[in-house]
Amino acid sequence: MTIRHLRIFIEVADSGKMSIAASNLFLSQPTVSQTIKELEQHYGVLLFERFCKKLYITEQGKRLLSYARYVVNQFDDLEENMIQSKHVEKIRIGTTVTIGNCILSNILSSFNESNPEVETYAYVNNTKIIEEKLLNSELDIGIVEGEIKSSDLVCIPEVEDYLVLVCSTKHPFASRKEIKLNELSGVGFAMREKGSGTRELFEDYMLKNGVTIKTKWESNCPGAIKRAVLENQHLAAISVRLVEEEIKDGEIHVIQNSECAWNRHFSIVYHKNKFINKSMEDLIEVVKNYKHMDILEEVKTGWLVK
């Protein structure tokens, strides 16, 4: 089994057809077919089911695909680092939408200041997508607020954060000191998209307490969610960091969870087999040292109670 075997296997899995994979790799179809057969014989498993001239990857195939992507990516990194005499070091950072909108710029500025020779690439999406890209070796390191499911990833909680319920200062809830949890049933919410760590934390809490959420607006853009709150009188559960400006301007009213059940951390995530070089160590230290003042200090808020 060689790197070449794995490259061909990945191309077949991605394209779904031997003929397409052969064309993309400038190989003959029999060569591609023989390579897959050799892999199956080597590992003693069936990698693809073949029905009606179509290929369907098996569970064993999916398992190999995850490892193959990682091994090929690491091999390419090795080649690039060892062969290029004037190599520019790169680090690919993935963050979730909340982090991308509130602290990523500061983190990158601090890191670039102390590591000007390192080229950074930043990618922002929800927790589920960041996790997938880390598993596929498309990113080197992630900073997320949601729960990481895969045991192949190391997840280290570092930066404190918490969700708050927000509404417009014109909303009826804004004039009340306490809001009963069951009063949220049937009220219109502006929600993050599925796969978001923010949405998962809030939905799990509401489900646990038997409260049904009425989603009226769904977006992966915090700005759009804030507009729905301000202009359409929806409620939203959102990181307190994302509404700091609106709180200071008196546009948004904050309702805190009296149980502190929405407290969470932004976590550093990377593959358990990832080699942590000096640049990654420096980036991790920047994240660990990130400080933020209490946004709600001296701010009058409401409280969500049961």
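Each residue of the sequence shown is one higher than the one before, counting from 1 in full-length UniProt numbering. In this text, a Cβ means the ideal position worked out from N, Cα and C, and glycines have one as well.
S105 counts as exposed, since fewer than 16 other beta carbons sit within 10 angstroms of its beta carbon. Taken through DSSP and simplified to helix, strand or coil, N106 comes out as helix. Residue pairing by DSSP places G94 opposite Y123 and G142 in a beta bridge. Residue nearest to D204 within the set W262, C155 and E183 is W262 (criterion: CA-CA distance).
Judged by pairs of C-beta atoms under 8 Å, the stretch 63-71 does not touch the stretch 251-261, as fewer than three such pairs exist.
Taking each of K17, L201, L304 and R7 in turn and checking the Cα distance to A174, the smallest one comes out for L304. Assigned with DSSP and collapsed to three states, M191 falls in strand.
Straight-line spacing of the CA atoms in V240 and T169 works out to 16 Å. Scanning the stretch 258-283 from its first residue to its last, the whole beta strand (DSSP E) runs of 3-plus residues come out as 263-271. Per DSSP, reduced to three states, the secondary structure at P157 is strand.
Leaving aside the five residues that flank I213 on each side, the residues in its chain whose CB is nearer than 6 Å to its CB run, in chain order, F189 and M206. When the Cα atoms are used, Y270 and I284 turn out to be separated by approximately 11 Å. Cβ neighbours of E113 within its own chain (closer than 8 Å, five residues either side excluded): none.
Of the other Cβ atoms in all chains shown, fewer than 16 fall within 10 Å of the Cβ of K149; this residue is therefore exposed. Annotated three-state conformation of S19 is helix, per DSSP. Rounded to the nearest whole angstrom, the CA to CA distance from K53 to E193 is 37 Å.
Beta bridge pairing from DSSP links T215 with F189. Burial is judged here by how many other beta carbons sit within 10 angstroms of a residue's own beta carbon; C167 has at least 16 and is buried. Around the Cβ of E131, a 10 Å sphere holds 16 or more other Cβ atoms; the residue is buried. Per DSSP, reduced to three states, the secondary structure at H171 is coil, with no helix or strand assignment. Setting aside the 5 residues that flank it on each side, S137 is surrounded in the same chain by R69, Y70 and N73, each with a C-beta closer than 6 Å to its C-beta; the list follows chain order.
Residue environment for H42: exposed (fewer than 16 other C-beta atoms within 10 angstroms of its C-beta).
If you draw a straight line from the Cα of E183 to the Cα of L230, it comes to about 20 Å.
Taking all protein chains shown into account, F51 has fewer than 16 neighbouring C-beta atoms within 10 Å of its C-beta and is therefore exposed. The bridge partners DSSP lists for E178 are W303.
Bounds of the alpha helix (DSSP H) holding K226 are P222 to N232.
Counting only the Cα atoms, L139 lies some 13 Å from N273.
Contact annotation, E79 with E119: C-beta distance approximately 18 Å; criterion of less than 8 Å not satisfied. Per DSSP, the unbroken beta strand (DSSP E) holding I238 starts and ends at A236 to S239.
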